[in-house]
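Q:
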Amino acid sequence: MRKRRRWTAAGFLLLALLLGAGLSAGCGGDGGAAVAGEETVAVTPPRPILRWMGPAFVRPVDRELVARCGTEVGMAIELLPAPANPVDRLGLYLQFLPAESDDIDLIDFDVVWSGTLARHLLDLNPHLTAEQRGEYFAIYLENNSVGESLVGLPLMGDVGLLYYRTDLLEKYGFDGPPVTWRELEEMAATIQAGEREENAEFWGYVWQGNVYEGLTVNALEWQASMGGELIVDAEGKLALDDGAAGVLDRAAAWVGEISPPGVTAFQEEDARWMFQNGNAAFMRNWPYAYGLGQAEDSPVRDLFGVTRLPKGDGPDGRHASVVGGQQIGVSRYSRYPDAAADAARCLTDATAQRRRALADGTPPAMAALYEDADVQARIPAAAQIAESLAEHAVARPAATTGGHYTEISLVYFIEVNRVLTGEQDGAGAVARIGEQIGQWVE
Ligand code: GLC
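Heads up, the sequence shown is in the working numbering, so the first residue is 690 and it goes up one at a time.
1. Can you give me the C-alpha to C-alpha distance between R885 and T1090, rounded to a whole angstrom?
2. Are V995 and A1070 touching if we call contact CB-CB under 7 Å?
3. Would you give the residue range spanned by the alpha helix (DSSP H) that I1122 belongs to?
4. Just to confirm, is the Cβ distance from A1030 to H816 under 7 Å?
5. Measuring only between beta-carbons, confirm whether D856 sits less than 7 Å from chain B.
6. To the nearest angstrom, report how far apart P843 and A882 are at their CA atoms.
7. Skipping 5 residues on each side, what residues in its chain have a beta carbon closer than 8 Å to that of E750?
8. Please report how far the alpha carbon of A722 lies from the alpha carbon of Y901, in whole angstroms.
9. Less than 7 Å between the beta carbons of G664 and I796, yes or no?
10. Is any heavy atom of the ligand ZN found at a distance shorter than 6 Å from the C-beta of G903?
11. From the DSSP output, in three-state form, read off G994 for me.
12. Looking only at DSSP bridge pairs, what is W741 linked to?
13. For G935, I'd like the list of residues in its chain whose CB is within less than 7 Å of its CB, leaving aside the five on either flank, ordered along the chain.
14. Return the first residue and the last residue of the alpha helix (DSSP H) that N774 is part of.
15. At a threshold of 6 Å, does G1013 count as lining the ligand GLC (C-beta to nearest heavy atom)?
16. Cβ of D959 within 6 Å of any heavy atom in the ligand GLC?
17. Mind checking who N974 pairs with in its DSSP beta bridge?
18. Taking 6 Å as the cut-off, is the beta-carbon of D777 closer than that to any non-hydrogen atom of the ligand GLC?
19. Just checking my contact of V1011 with V906 at CB under 8 Å: how many whole Å lie between their CB atoms?
20. Which partner residues of T869 appear in the DSSP bridge assignment?
21. Would you say N1106 and L873 are within 7 Å of each other, going by their C-beta atoms?
22. Between D799 and the ligand GLC, is there a pair consisting of the residue's CB and a ligand heavy atom that are separated by less than 6 Å?
23. Compute the minimum distance between the beta carbon of R847 and the heavy atoms of the ligand GLC, and state whether it is under 6 Å.
24. If you reduce the DSSP assignment to three classes, tell me which class M845 lands in.
25. Apart from the five residues on each side of it in sequence, which residues of its chain come closer than 6 Å, Cβ to Cβ, to P744?
26. Going along the chain, which residues of its own chain have a beta-carbon closer than 8 Å to the beta-carbon of W975, five neighbours each way excluded?
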């Protein structure tokens, strides 16, 4: 039997709680034997199920897909409760995976954990045909490829978008949304000045500036769109320069001018709240905010649109949107690696992604589905989401930082936030980031 290392008490307790009474201490329930009198009799048949630590909030469509894929791979798939908080979820994974536990076969993970979890996850390449691989947006294959190994498949598409108020563009005489950051700055300032006459709460541009992963997302979009690298270059070497410092200084100048001072504490929902209540002209957010903004009682219903994020003004400028979203991976310690890999493929195939899209508007991670009339009807921003995923998407350096992305991003968003709050300038941040992450990158 496979070697097992001891779990820490806290990790074990947490998993035991999640699995309920069904889990016997440290034992995966292998077919075993017991001595009854003189005879030896088998007492536990092999566990014929795959266990998936999947979505935190299980919807009817998840149950439907679990049933379908279970039938397809010839095993039952059991959905296990999982922590909703991403930090708790990663903490739990980093308890049972290093312990080489075979209690869990499949896990959902955020796009940024591919490198951190890679050594515990199976290479899914051998389980996909070239045609099946080619169905997913290339950015997800790139993000989830660590060395030669494809450690996860995307359950959904997620990408940064620019939200804008169509009524206000028209009111102030603009033909369309901004193409460059300079245009966004000018339009935000003009609209803000005009709207302030009636609404003291109004701001030009809202985004995510809090000390958390969402700030890394926003700052990397600024860097990439203005011609810079994403902390490291393609080889994983540190690549922060004066250009990067200038980009951070420019964003800091938005704070208190076109963005509220409080933006340095904003997460996605804070930005959405302001935009949806009619108090902002532009917003950076993920696709989920679209459906909510179109709700019956939304003050901005039918008054906004979405487009790609602005590009830098110079010759190096390009549109750049960070990709996000949940991936599914197979534990290397699964006793059913082939069935689990087939289940991962089934749970992310075109049928599954289409069902999720139709059930609750989850954007698919496959280009072809955005051509589907039913998907287009269910996701009004389908064309813009597909464009950003296909043409403007950039991945955070999760796969290229040798399993240290989480630590690197932590340093990065702390130092970037200190630029936004005026505690240091961009050059200071670049120097301090370099000093601290030098231990993990060349
Ligand atoms: C979204 C994205 C995820 C990202 C997070 C940052 O949930 O899907 O990838 O890390 O936002 O706030």
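Just so you know, even glycine gets a beta-carbon here, dropped at the ideal spot from N, CA and C.
Computed from a predicted model, the values in this text were never measured in an experiment.
A: With the given structure in hand:
1. Cα atoms of R885 and T1090: separation of roughly 45 Å, rounded to the nearest angstrom.
2. Taking 7 Å as the Cβ cut-off, V995 and A1070 qualify as a contacting pair.
3. Taken as a continuous stretch (DSSP letters only), the alpha helix (DSSP H) holding I1122 covers G1115 to I1126.
4. Result yes, Cβ atoms of A1030 and H816 sit closer than 7 Å.
5. No chain B is present in this structure, which holds just one protein chain.
6. Distance from the CA atom of P843 to the CA atom of A882, rounded to whole angstroms, is 42 Å.
7. The question names Glu, but residue 750 in the sequence shown is Val. Taking V750 as the centre and dropping the five residues before and after it, the same chain places the C-beta of R1044, R1045, A1048 and D1049 closer than 8 Å to its C-beta, in chain order.
8. With a pLDDT of only 48 at A722, under 50, the local geometry of the prediction cannot be trusted, and the value read off the model is given with reservation. Spanning the two alpha carbons is a distance of roughly 50 Å.
9. The question about residue 664 has no answer here: the residues shown for the chain are numbered 690 through 1131.
10. Ligands in the displayed structure: the ligand GLC; the ligand ZN is not one of them.
11. DSSP, reduced to helix, strand and coil, places G994 within a strand of the structure shown.
12. Partner(s): L768 and L795.
13. G1115, listed in sequence order.
14. Element bounds for N774: n/a, residue is neither H nor E.
15. Flag set: Cβ of G1013 near the ligand GLC.
16. Not under cutoff, so the answer is no.
17. Under DSSP, N974 takes part in a beta bridge, and its partners are L850.
18. No - the ligand GLC has no heavy atom lying nearer than 6 Å to the Cβ of D777.
19. With 8 Å as the limit, V1011 and V906 qualify as a contact, their Cβ atoms being about 5 Å apart.
20. In the DSSP assignment, T869 is bridged to K1000.
21. Here N1106 is not near L873, since their CB atoms are 7 Å or more apart.
22. Within the cutoff, so yes.
23. For the record, residue 847 in the displayed sequence is Asp; it is not Arg. In this structure, the ligand GLC has a non-hydrogen atom nearer than 6 Å to the beta-carbon of D847.
24. M845: coil per DSSP, three-state reduction.
25. Result list for P744: D751, in chain order.
26. So the list reads D847, V848, G849, L850, E957 and G1013, once near-sequence residues are dropped.
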